[in-house]
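The listed protein sequences correspond, in order, to chains D, A, B and X. Quick note on numbering: the first sequence equals residues 1 to 343 in the numbering used here. Quick note on numbering: the second sequence equals residues 344 to 686 in the numbering used here. Quick note on numbering: the third sequence equals residues 687 to 1029 in the numbering used here. Quick note on numbering: the fourth sequence equals residues 1030 to 1372 in the numbering used here. Beta carbons are placed, not taken as given, at the ideal position from N, Cα and C, and that holds for glycine. Owing to the predicted nature of the structure, the values given are computational and were not obtained by experimental measurement.
There are 4 protein chains.
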Amino acid sequence: MIIVLKAHSSAKEVRLVEKAVRELGYQPHTIHGEVRNVVAAVGDETSHKSLEILENLDCVERVIPIQKRYKLVSREAQPETTEVRVGPVTIGNGSFHVIAGPCSVESMEQMLSIAKAAKAAGATLLRGGIFKPRTSPYDFQGLGAEGLAILRAVKKSVNLPIVSEITRQTDLEIMVDVVDVLQIGARNAMNYSLLEAVAKSGKPVLLKRGLASTIEEWLLAAEYIAKNGNPNIILCERGIRTYEQATRNTLDISAVAIAKLECSLPVVVDPSHAAGRCDLIPALSKAAIAAGADGLMIEVHQHPEDALSDSAQQLTPPSFARLMKSLLPFIRAAGMKIGKVNK
Amino acid sequence: MIIVLKAHSSAKEVRLVEKAVRELGYQPHTIHGEVRNVVAAVGDETSHKSLEILENLDCVERVIPIQKRYKLVSREAQPETTEVRVGPVTIGNGSFHVIAGPCSVESMEQMLSIAKAAKAAGATLLRGGIFKPRTSPYDFQGLGAEGLAILRAVKKSVNLPIVSEITRQTDLEIMVDVVDVLQIGARNAMNYSLLEAVAKSGKPVLLKRGLASTIEEWLLAAEYIAKNGNPNIILCERGIRTYEQATRNTLDISAVAIAKLECSLPVVVDPSHAAGRCDLIPALSKAAIAAGADGLMIEVHQHPEDALSDSAQQLTPPSFARLMKSLLPFIRAAGMKIGKVNK
Amino acid sequence: MIIVLKAHSSAKEVRLVEKAVRELGYQPHTIHGEVRNVVAAVGDETSHKSLEILENLDCVERVIPIQKRYKLVSREAQPETTEVRVGPVTIGNGSFHVIAGPCSVESMEQMLSIAKAAKAAGATLLRGGIFKPRTSPYDFQGLGAEGLAILRAVKKSVNLPIVSEITRQTDLEIMVDVVDVLQIGARNAMNYSLLEAVAKSGKPVLLKRGLASTIEEWLLAAEYIAKNGNPNIILCERGIRTYEQATRNTLDISAVAIAKLECSLPVVVDPSHAAGRCDLIPALSKAAIAAGADGLMIEVHQHPEDALSDSAQQLTPPSFARLMKSLLPFIRAAGMKIGKVNK
Amino acid sequence: MIIVLKAHSSAKEVRLVEKAVRELGYQPHTIHGEVRNVVAAVGDETSHKSLEILENLDCVERVIPIQKRYKLVSREAQPETTEVRVGPVTIGNGSFHVIAGPCSVESMEQMLSIAKAAKAAGATLLRGGIFKPRTSPYDFQGLGAEGLAILRAVKKSVNLPIVSEITRQTDLEIMVDVVDVLQIGARNAMNYSLLEAVAKSGKPVLLKRGLASTIEEWLLAAEYIAKNGNPNIILCERGIRTYEQATRNTLDISAVAIAKLECSLPVVVDPSHAAGRCDLIPALSKAAIAAGADGLMIEVHQHPEDALSDSAQQLTPPSFARLMKSLLPFIRAAGMKIGKVNK
């Protein structure tokens, strides 16, 4: 770390900082500048004590960390992209996979019908929420355990792996019996107890970026999972919270590129939650492919009311099928091929 | 809700929207504008189905909610500020309380010494973390259950109630035995399972605003607790995440004023986490009082290294005592008096 | 507009609002809800007085605008994309153009050498700043008028049109003599006097989005130019200011898609300023194409120090040439072809 | 500056960086870390070339500036607060001044009536916009030069100095004849040409923070004015753009405290533009005083429609008078006294 002293610090103050640096297990190296003095502390920042406490000293202006804080999930540690195997599907091996399904599981009929259509259009994993973290306690919270029976039956019928969100440790036991990828949602992206519990289950984890997580915080959340023995992590960019209100969130396409550069984990993009409006999904899906993503997660559902479904512009099964077709030229341009289910 | 149709929508499209509104349980009232048509849906938005699904219709441009989504915690429901009783202390009754203590409990000696000094300076509640959610898995995660024994002994010794953060449901049983106010931290502000569990414990809850929660999301998180039978909630503004990096977070002083206007719960401010730098704590504390806060939560701790403690500008016990003294004129200007421990 | 009254407003208050709406030139239509009353004001919001003043009434909670505020640049007004002709180049006609060049013009030799290399690699317009708005008054502010002679000579030599930023009205006369596209930078995106002056010059304008402009504000800035008689506007997305610090700005790829949907103007993307780091430029450039952009603006410059230039990862002329080649499959996938200079 | 090299950089790469540092006019000091090497560059960052160009080197990960970039306006340069004299009023001398008046000058009668009421309530400066930068070209843009006659007459009548916004250099000549403080609005906070022109007029300048300016950018904008020979600058915090939509902007109360700590200029707060809603103005005004502000700028205007004015909660002259009275205890608590007009 680098400790920047205030302007015109005295020799005594410099010695004070050097002493403190030494006591915390680092070697101090002092550079006397024209206006400010700087003490560089040499030592492994991930194993030693943090030097940030030095900011409390009167004479210290800033403490600047130098090392990256994540290790296990970094490209420096593992140059090759991690291949995450989910039953008959492998993510991160250069093929491009699409996870599709409704926001919430509503009924056997709904889920089965969407699953078949999604599979026919090329999706290789299914999504469907049964435990839904909702901003208001008066909103629909998901079918809960009842939805698991539906997911189990649908999985057996269409033979695709299932991605579903977990919101509390106490549901882990019943979920791992059916669900193939445990999703950590944006609201629980810093719920470290849940991350540890999910890690220990050994199941692949789809880790969404928090509403306002930095890229570093997102990768450190992945590091929590990896450090607890589970390397099977899929990162999911789903937009961040900004001042712009034309979209529900702002898709941070640069984060996809940075995650691919700095981290060895596969990255998927969720354009549905990023945009919050269907008309942008094609453009954002193509941009995700172009930026280097390994896959997409897209909400597909039939409208609950017959009278409305015809005119809806949302990603009904037919519009999803059109989307999938339109993505192929971009998948090829990116040097990838569309993911398949292994036999 | 208000459903705004796209420009120049047809009579047929308007009828489609009206039908959908009726099927969702509302009465439609259509206004034919010069460019756009608008359908107002009359009905109780908190008990009926959400109309946002109508955004999926081709002819719909926007759906705008009109009602407030929180009920139990609103001033409309309860005009008087909720008085939250925590052992011998009452928050929300017009007296101004200060919660003080270290970020983390480190040892019996440390905690006891700070507690005595904080009490002597006028603090009426103690804080001390034993389960710490940390961004990096390599950072100190708190003493855990071991820290409870320290909190219990200190509480007995200085006779002040204890505020401490809970990060997972499985710690609830051991914590309620010692801790007087369960704190929900910013990272768990949308962990609704935890909010429900904490609500059901019956203990007073200090609910921090999430890193990037809107004021509405913060009040809806409180609504989760209230709806689960626990009205003893203290809101805590601790800064929000913005582009400005001169402070760790941006203290949203307007949120204090809005929470006091729209919600009946008492509000405290945490200037330590908002600023992330000690030199701003006096100014932010005074601003919090001026904006109408019912209290403050301030980090006080002695520096771990003797050689350093003298020169530190952080809120050591003496600087905390000076701060407390400097706040009195502002507490008086706000028409409040400093909170006391009831006999 | 929609005027939402506070909960349980009286009949008298409703009549007050209706009267006010009428006096401002609209027809009021009142809907009596279960909790709140709502008054819809029918009339053309872009030609009548604003109703926002009604928020001052005690009984009014919110006033919600319904109409879009931009007219001339909207797709509703003009379904076809505007073709902006810049000398021998046409932007917005389905071909994909790349504007390349150094951030600042430094010398004839530098500019000429980069211009030739950029043209050889496929760029069809040149950029080069001579008036540089810099955050610090101590930073290099550009060559000023002296740089114009360089731009003139280079333009004549390589026969490509020139894009350069204007920062004040008093430079307009000398700039229009040489520069083919006047660039409005992010810092002047709300300098409406400058927008009007530039509009009246008749020259094509490249309008960058402000540091923290909403999409609506960006399109309204374009409306200022269009309303002053100049339809030759190229929008430029260059990233917005967010809490994320891993990139200089956050490229808002959704804004590109929205601008293409709602506005008839061509859109280019500046990945250099968005990312602030060279390693992301290929990914962001490809994402821009995939999201529907009509072009890119990319900084290309040779390193000023010979000793350094070999190892630099920045977009030196050779790396720019490699980038251009790598974009071709994505341009084809998007159904576009690479832009040419007309004979 | 500090140059951080990538992990495991070679001795050759370190020498390359050292050479580059030397060529840019600094002395390199290299510290060999366990994972990363760091080169500290010693020299005055405000007079030498920027080292950020080194980020282009393959082997460089980051370049971190150490020195503050503003000099003339820093507390380090001038420990005492600058006293800005505006006719018979002095800002920055420990007295607390309130600038009041309408957003826009609408008529002689309106302005005169508000001015008298504002003066009677204790305001010592008047505000009133005649050149209004508006987001939409269809909104009212101010009376323009016609408004100057009104300002001149009102100033003569009530004998208070006038603050008014300037939006372009070409208006400078006519404005300086009447206006006592030239206001730079948030939208022009980075219009450096305008800052320079205003500086050279010698008139006191009220400099608003930009919509999304960092504190550093705001102080550097002030530095532009100071560097051009004009030290008479009043900073104005008016809220920043964040994700929170409950207020028009988020008042950054910490910025007031930081500006007071790091900069010698007086600071006023504009709660009207920060909140965008009248009900928050009392709380935000008191918070501003508590955080150390030297004054406030508050919008006061009578409602244009008689029928409406009685019930309005906005800062009509009577509500402004009540506000002023309610601020006195906080002004006293802050150790200040209410500002007066000198005889």
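- Measure the alpha-carbon distance for Leu469/A versus Ala492/A and round it to whole angstroms. The sequence position of residue 469/A within the second sequence is 126, counting from 1. The sequence position of residue 492/A within the second sequence is 149, counting from 1. Leu469/A and Ala492/A: Cα-Cα distance of roughly 15 Å.
- Task: Name the one or two DSSP bridge partners that His97/D has.
- Result: Position 97 of the first sequence, counting from 1, holds the residue named residue 97/D. Gly295/D, per the DSSP bridge assignment.
- Message: Pull the bridge partners of Asp270/D from the DSSP assignment, please.
- Response: Here residue 270/D corresponds to residue number 270 of the first sequence, with the count starting at 1. DSSP output for Asp270/D lists no bridge partner at all.
- Message: I'd like to confirm something about Arg1114/X: is its beta-carbon nearer than 6 Å to some heavy atom of the ligand ADP, or not?
- Response: Among the components modelled here there is no ligand, and therefore nothing to report on the ligand ADP.
- DSSP state of Arg1104/X mapped onto helix, strand, coil: Here residue 1104/X is taken as the residue at index 75 of the fourth sequence, counted from 1. DSSP places Arg1104/X in coil when its eight states are reduced to three.
- Task: Would you please verify whether the beta carbon of Gln1342/X is less than 7 Å from any beta carbon of chain B?
- Result: Here residue 1342/X corresponds to residue number 313 of the fourth sequence, with the count starting at 1. Note that Gln1342/X scores 40 on pLDDT, short of 50, meaning its location in the model is unreliable; the coordinates nonetheless yield the value given after this. Answer yes: the Cβ-Cβ gap between Gln1342/X and chain B drops below 7 Å somewhere.
- Message: Considering Cα atoms alone, identify which of Val1089/X, Asn1066/X, Ser1133/X and Glu1245/X is closest to Ile1287/X.
- Response: Locating residue 1287/X in the fourth sequence gives position 258, counting from the first residue. The residue with the shortest Cα to Cα distance from Ile1287/X is Glu1245/X.
- Helix or strand or just coil, what does DSSP make of Gln526/A? To locate residue 526/A, count along the second sequence from 1; it is residue 183. If DSSP states are grouped into helix, strand and coil, Gln526/A belongs with the strands.
- For Thr1279/X, the three-state DSSP class (helix, strand or coil): For the purposes of this step, residue 1279/X is taken as the residue at position 250 of the fourth sequence. Three-state DSSP puts Thr1279/X in a strand.
- Task: Would you identify the three-state DSSP class for Ile1244/X, choosing helix, strand or coil?
- Result: Here residue 1244/X refers to the residue found at position 215 when the fourth sequence is read from its first residue. Note: Ile1244/X maps to helix in three-state DSSP.
- Task: Using a cut-off of 7 Å between C-beta atoms, extract the partners of Ala898/B located in chain X.
- Result: Indexing the third sequence from 1 puts residue 898/B at position 212. The answer, in chain order, is Leu1240, Ala1241 and Arg1270.
- Please list, in chain order, all residues of the same chain as Asn1066/X whose beta carbon is under 6 Å from its beta carbon, the five residues on each side excluded. Taking the first residue of the fourth sequence as 1, we reach residue 1066/X at position 37. Hits under 6 Å: Leu1034, Ser1038 and Val1043.
- Message: For a cutoff of 7 Å on Cβ pairs, would you count Leu921/B as touching chain E?
- Response: The structure shown contains no chain E; its protein chains are D, A, B and X.
- Query: What does DSSP give as the partner residues of Ile1060/X in its beta bridges?
  - Reply: To locate residue 1060/X, count along the fourth sequence from 1; it is residue 31. Bridge partners of Ile1060/X: Val1067/X.
- What does a CB cutoff of less than 7 Å around Pro304/D pick up in its chain, not counting 5 residues either side in sequence? Translated into the one-based positions of the first sequence, residue 304/D becomes position 304. In this predicted model, Pro304/D has a pLDDT of only 39, less than 50, meaning its place in the structure is not dependable enough to derive any value.
- Would you please state the rounded distance, in angstroms, between the beta carbons of Ser887/B and Leu858/B? I believe it to be under 8 Å. Taking the first residue of the third sequence as 1, we reach residue 887/B at position 201. Taking the first residue of the third sequence as 1, we reach residue 858/B at position 172. Yes, Ser887/B and Leu858/B are in contact; Cβ-Cβ is about 6 Å, under 8 Å.
- Item | Candidates Gly101/D, Ala221/D and Ala123/D, of which the one nearest Ile130/D by Cα | Residue numbering aside, residue 130/D sits at position 130 when the first sequence is read from its first letter. When each option's Cα is compared against that of Ile130/D, the closest is Gly101/D.
- Item | Cβ-based neighbour list, Ser1340/X, same chain, cut-off 6 Å, excluding 5 preceding and 5 following | Here residue 1340/X is taken as the residue at index 311 of the fourth sequence, counted from 1. Its pLDDT being 32, under 50, Ser1340/X is placed unreliably in this model, and the value from its coordinates should be taken loosely. Answer for Ser1340/X: no residue qualifies.
- Alpha-carbon spacing of Asn845/B relative to Met983/B, whole angstroms: One-based indexing of the third sequence puts residue 845/B at position 159. One-based indexing of the third sequence puts residue 983/B at position 297. When rounded, the distance between both Cα atoms is 18 Å.
- Taking C-beta pairs closer than 7 Å, name the residues in chain A that Ser254/D reaches, listed in chain order. Residue 254/D sits at position 254 when you count from the first residue of the first sequence. Per Cβ cutoff of 7 Å: no residues; Ser254/D is ~15 Å from chain A at best.
- Should Tyr712/B be flagged as near chain X, meaning a C-beta pair shorter than 7 Å? Translated into positions along the third sequence, residue 712/B becomes position 26. Not an interface residue.
- How close, in whole Å, do the beta carbons of Ala287/D and Ala941/B come, if the pair is a contact with beta carbons under 8 Å? One-based indexing of the first sequence puts residue 287/D at position 287. One-based indexing of the third sequence puts residue 941/B at position 255. At roughly 11 Å, the Cβ-Cβ gap does not stay under 8 Å, so Ala287/D and Ala941/B are not in contact.
- Query: Would Pro661/A be called buried (16 or more neighbouring beta carbons within 10 Å of its own) or exposed?
  - Reply: Within the second sequence, the letter at position 318 stands for residue 661/A. The residue is exposed, with fewer than 16 neighbouring Cβ atoms inside 10 Å.
- Taking all protein chains shown into account, decide if Ala1336/X is buried (16 or more other Cβ within 10 angstroms of its Cβ) or exposed. Indexing the fourth sequence from 1 puts residue 1336/X at position 307. Because Ala1336/X sits at a pLDDT of 32, beneath the cut-off of 50, its placement in the model cannot be relied upon, and the following sentence gives the value as read from the coordinates. The residue in question, Ala1336/X, is exposed, as its Cβ has fewer than 16 Cβ neighbours within 10 Å.
- Quick one: which chain X residues come within Cβ less than 9 Å of Thr424/A? Taking the first residue of the second sequence as 1, we reach residue 424/A at position 81. Those do not exist, as Thr424/A stays about 15 Å from chain X at its closest Cβ, beyond 9 Å.
- Item | Arg22/D classed as buried or exposed, judged by whether at least 16 other C-beta atoms fall within 10 angstroms | The residue labelled residue 22/D in the question sits at position 22 within the first sequence. Answer is exposed; the Cβ neighbour count stays below 16.
- Can you give me the start and stop residues for the beta strand (DSSP E) that Ser1348/X sits inside? Residue mapping note: residue 1348/X aligns to position 319 of the fourth sequence, counting from 1. Careful: Ser1348/X lies outside any beta strand (DSSP E), inside the alpha helix (DSSP H) at Pro1346 to Ala1362.
- Query: Relative to the alpha-carbon of Glu605/A, which residue among Val385/A, Leu415/A, Val360/A and Val378/A has its alpha-carbon at the smallest distance?
  - Reply: Position 262 of the second sequence, counted from the first residue, corresponds to residue 605/A. For Glu605/A, the nearest C-alpha among the options comes from Leu415/A.
- Message: Which residues in chain A have a C-beta closer than 8 Å to the C-beta of Val690/B? List them in chain order.
- Response: Position 4 of the third sequence, counting from 1, holds the residue named residue 690/B. Neighbours of Val690/B on chain A, chain order: Ile409.
- Just the chain A side, please: which residues come within less than 7 Å of Ala1304/X by C-beta, in chain order? Taking the first residue of the fourth sequence as 1, we reach residue 1304/X at position 275. Simply Ser597.
- Message: What residue range does the alpha helix (DSSP H) around Leu1235/X cover?
- Response: Sequence index remark: in the fourth sequence, residue 1235/X carries index 206 (1-based). Leu1235/X -> not in any alpha helix (DSSP H); beta strand (DSSP E) instead, spanning Val1234 to Lys1237.
- Query: So with Cβ pairs under 7 Å, would you call Phe782/B a contact of chain D?
  - Reply: Within the third sequence, numbered from 1, the residue matching residue 782/B stands at position 96. No, because no Cβ of chain D sits closer than 7 Å to the Cβ of Phe782/B.
- Message: Just verifying my parser: in three-state terms, what is the DSSP assignment at Gln343/D?
- Response: Within the first sequence, numbered from 1, the residue matching residue 343/D stands at position 343. Before going on, a small fix: residue 343/D reads as Lys here, not Gln. Lys343/D: coil per DSSP, three-state reduction.
- Query: Since Ile1442/X meets chain D, which of its residues come closer than 7 Å, beta carbon to beta carbon?
  - Reply: The displayed coordinates of chain X run from 1030 to 1372. Any statement about residue 1442/X would go beyond what the structure contains.
- Item | Closest residue to Ala1215/X among Asp1168/X, Arg1163/X, Arg1091/X and Ala1146/X (Cα-Cα distance) | By 1-based counting over the fourth sequence, the position of residue 1215/X is 186. It is Arg1163/X whose Cα lies nearest to the Cα of Ala1215/X.
- Secondary structure of Leu24/D, DSSP reduced to three states: Here the question's residue 24/D lines up with position 24 in the first sequence. Of the three classes helix, strand and coil, the one that applies to Leu24/D here is coil, per DSSP.
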